[in-house]
Amino acid sequence: MYDLNICHLYPDLLNTYGDRGNILALQKRAQWHSIDTLVTNVTIGDSFDSSLYDIIFLGGGQDYEQEIIQSDVLNQKGTEIKAAIEGMKVFLCICGGYQLMGKYYKTWDGKEIEFLGALDLWTVGGKERMIGNIVFESDIIKAGDNPVRIVGFENHSGRTYLGQGIKPLGRVISGNGNNGEDGFEGAVYKNVYCSYSHGSLLPKNPLLTDHLLSLALKQKYPDFEALGVLDDTFEDAARSSVMQRILKTP
Ligand code: GLN
Numbered sequence: 210m211y212d213l214n215i216c217h218l219y220p221d222l223l224n225t226y227g228d229r230g231n232i233l234a235l236q237k238r239a240q241w242h243s244i245d246t247l248v249t250n251v252t253i254g255d256s257f258d259s260s261l262y263d264i265i266f267l268g269g270g271q272d273y274e275q276e277i278i279q280s281d282v283l284n285q286k287g288t289e290i291k292a293a294i295e296g297m298k299v300f301l302c303i304c305g306g307y308q309l310m311g312k313y314y315k316t317w318d319g320k321e322i323e324f325l326g327a328l329d330l331w332t333v334g335g336k337e338r339m340i341g342n343i344v345f346e347s348d349i350i351k352a353g354d355n356p357v358r359i360v361g362f363e364n365h366s367g368r369t370y371l372g373q374g375i376k377p378l379g380r381v382i383s384g385n386g387n388n389g390e391d392g393f394e395g396a397v398y399k400n401v402y403c404s405y406s407h408g409s410l411l412p413k414n415p416l417l418t419d420h421l422l423s424l425a426l427k428q429k430y431p432d433f434e435a436l437g438v439l440d441d442t443f444e445d446a447a448r449s450s451v452m453q454r455i456l457k458t459p
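Positions 210 to 459 (our numbering) are the ones given, in order, by the sequence shown.
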């Protein structure tokens with residue numbers, strides 16, 4: 210019997226657009242795969258020992274919340290987070306949580322907020338927000354040999370640019386993604402997965418959920434081979450209906 214410990218970092222401050230749904234999806238799918246999970250909330254002022262967790266989640270938050278978190282993330286938890294990332298810990302970071310992993314965020318009104326610099330990426334705010342549904346294709350998450358189409362909802366001012374050694378999570382088919390310019394959406398570095406997609410991301414994209422669970426199980430249990438296949442009829446129908454609306458396909 211396998212089990213996974215999930216840490217929700219800053220759940221009281223980083224949880225826009227129901228991003229906690231990603232935690233629920235991880236737990237529910239783990240349960241369907243007969244894997245036990247335990248979720249621990251860790252926020253400002255709490256101690257953070259990454260060795261206690263197998264998956265670490267950061268949701269989205271507006272500029273205001275990001276500024277509140279900045280000192281704690283840089284000065285209290287930063288060294289531990291960076292060591293966990295280099296040690297191949299699994300992270301999922303959405304929107305504001307994604308931006309926090311980068312070097313800095315220059316807001317649209319000229320404020321420069323220093324961030325963690327755990328990943329070589331940076332964010333520059335634009336006056337016009339990028340809002341709407343998004344579809345992107347990821348060849349990191351495959352169904353057989355085919356890249357999977359992922360759906361989500363984005364709402365951000367920040368435009369994020371990827372530096373050395375950071376792969377995009379996918380290529381935008383419809384929507385803006387990282388910056389509305391280079392066609393990239395999200396970022397992947399070691400076992401850190403970042404995306405602008407709320408929605409929440411994981412409930413409608415079960416192969417991505419299973420991908421993260423598998424990565425965490427591989428890290429924890431040397432004998433782990435693969436997850437079984439679940440019936441994704443409902444999840445696929447939910448994803449297809451969003452895609453049909455966005456891509457205007459029949
Ligand atoms: N503050 C960031 C932006 O507007 C993140 C927003 C979010 O997490 N939804 O770019």
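The beta-carbon is built from N, C-alpha and C at its ideal position, and this holds for glycine as well.
Exercise for review: Tell me, please, whether the segment 394-411 touches the segment 341-351 by the rule of three or more beta-carbon pairs shorter than 8 Å.
Suggested key: yes
- Residues in its own chain within less than 8 Å of residue 430 by CB, not counting five upstream and five downstream? Position 221 of the sequence shown holds residue 430. Result list for residue 430: 211, in chain order.
Could you please give the first and the last residue of the uninterrupted alpha helix (DSSP H) stretch that includes residue 350?
Counted from its first residue, the sequence shown places residue 350 at position 141. Here residue 350 belongs to no alpha helix (DSSP H); instead the beta strand (DSSP E) covers 330-352.
Do residue 366 and the ligand GLN come close, with the Cβ less than 6 Å from some heavy atom?
Counting from one through the sequence shown, the residue named residue 366 turns up at place 157. Because some heavy atom of the ligand GLN lies under 6 Å away, the Cβ of residue 366 counts as near it: yes.
field: Candidates 373, 398 and 363: closest to residue 387 by CA position
entry: Sequence index remark: in the sequence shown, residue 387 carries index 178 (1-based). Looking at the Cα atoms, 363 is the closest of the given residues.
> Quick one, are the C-beta atoms of residue 213 and residue 435 less than 7 Å apart?
Replying inline: Numbered from its first residue, the sequence shown carries residue 213 at position 4. Numbered from its first residue, the sequence shown carries residue 435 at position 226. No; because the gap between Cβ atoms is not below 7 Å, this pair is not in contact.
Next item on the list: If I'm right that residue 299 touches residue 223 with Cβ under 8 Å, what's the distance once you round it to whole angstroms?
Entry: Residue numbering aside, residue 299 sits at position 90 when the sequence shown is read from its first letter. Residue numbering aside, residue 223 sits at position 14 when the sequence shown is read from its first letter. Residue 299 to residue 223, Cβ: 17 Å. No contact.
May I ask you to report which of helix, strand or coil DSSP gives residue 242? Residue 242 sits at position 33 when you count from the first residue of the sequence shown. Note: residue 242 maps to coil in three-state DSSP.
Next on the checklist: Quick check: what's the CA-CA separation for residue 329 versus residue 283?
Outcome noted: Taking the sequence shown and counting its residues from 1, one reaches residue 329 at position 120. Taking the sequence shown and counting its residues from 1, one reaches residue 283 at position 74. Computed Cα separation, rounded: 15 Å.
- In this structure, does DSSP put residue 303 in helix, strand or coil? One-based indexing of the sequence shown puts residue 303 at position 94. Reduced to three states, the DSSP call for residue 303 is strand.
For this session: State the start and end residues of the unbroken alpha helix (DSSP H) segment that holds residue 415.
Result: In the sequence shown, counting from the first residue as 1, residue 415 sits at position 206. Looking at the DSSP string, the run of the alpha helix (DSSP H) that includes residue 415 is 415-429.
List the residues that DSSP assigns as beta-bridge partners of residue 398. Taking the sequence shown and counting its residues from 1, the one referred to as residue 398 is at position 189. In DSSP, residue 398 forms a bridge with 401.
Ordered list of alpha helix (DSSP H) runs contained in the segment 269-327, each at least 4 residues: 272-280, 287-295 and 305-310
Next item on the list: Using beta-carbon positions only, say whether residue 356 and residue 366 come within less than 7 Å of one another.
Entry: To locate residue 356, count along the sequence shown from 1; it is residue 147. To locate residue 366, count along the sequence shown from 1; it is residue 157. Not in contact: residue 356 and residue 366 (Cβ atoms no closer than 7 Å).
Residue 457 beta carbon less than 7 Å from that of residue 297: Stepping through the sequence shown from its first residue, residue 297 is reached at position 88. Stepping through the sequence shown from its first residue, residue 457 is reached at position 248. For residue 297 and residue 457, no; Cβs fall outside 7 Å.
Margin query: With the cut-off set at 7 Å, would you say residue 403 and residue 392 are in Cβ contact?
Written below: The sequence position of residue 403 within the sequence shown is 194, counting from 1. The sequence position of residue 392 within the sequence shown is 183, counting from 1. In this structure, residue 392 does not lie closer than 7 Å to residue 403 by Cβ.
Next item on the list: Check each candidate in 232, 219 and 276 and name the one with the smallest Cα separation from residue 316.
Entry: Your numbering for residue 316 matches position 107 in the sequence shown. Here the closest residue by C-alpha is 276.
Checklist entry - Who does residue 252 pair with in a DSSP beta bridge? => result The count along the sequence shown starts at 1 and reaches residue 252 at position 43. None, per the DSSP bridge assignment.
Worksheet item: Given that a residue counts as buried once 16 or more other Cβ atoms are within 10 Å of its Cβ, and exposed if not, what is residue 454?
Response: Counting from 1 along the sequence shown, the entry for residue 454 is found at position 245. Exposed is the call here.
Spell out the partners DSSP gives residue 370 in its beta bridges. Taking the first residue of the sequence shown as 1, we reach residue 370 at position 161. According to DSSP, which records beta bridges pairwise, residue 370 is partnered with 331.
Next item on the list: Could you work out which residue in 440, 217, 318 and 371 is closest to residue 312 when comparing CA atoms only?
Entry: As a first step, residue 312 must be located in the sequence shown, where it is residue number 103. When each option's Cα is compared against that of residue 312, the closest is 371.
For this session: Evaluate residue 321 with the Cβ neighbour count: other Cβ atoms within 10 Å of its Cβ, from every protein chain shown; 16 or more gives buried, anything less gives exposed.
Result: Counted from its first residue, the sequence shown places residue 321 at position 112. Label assigned to residue 321: exposed.
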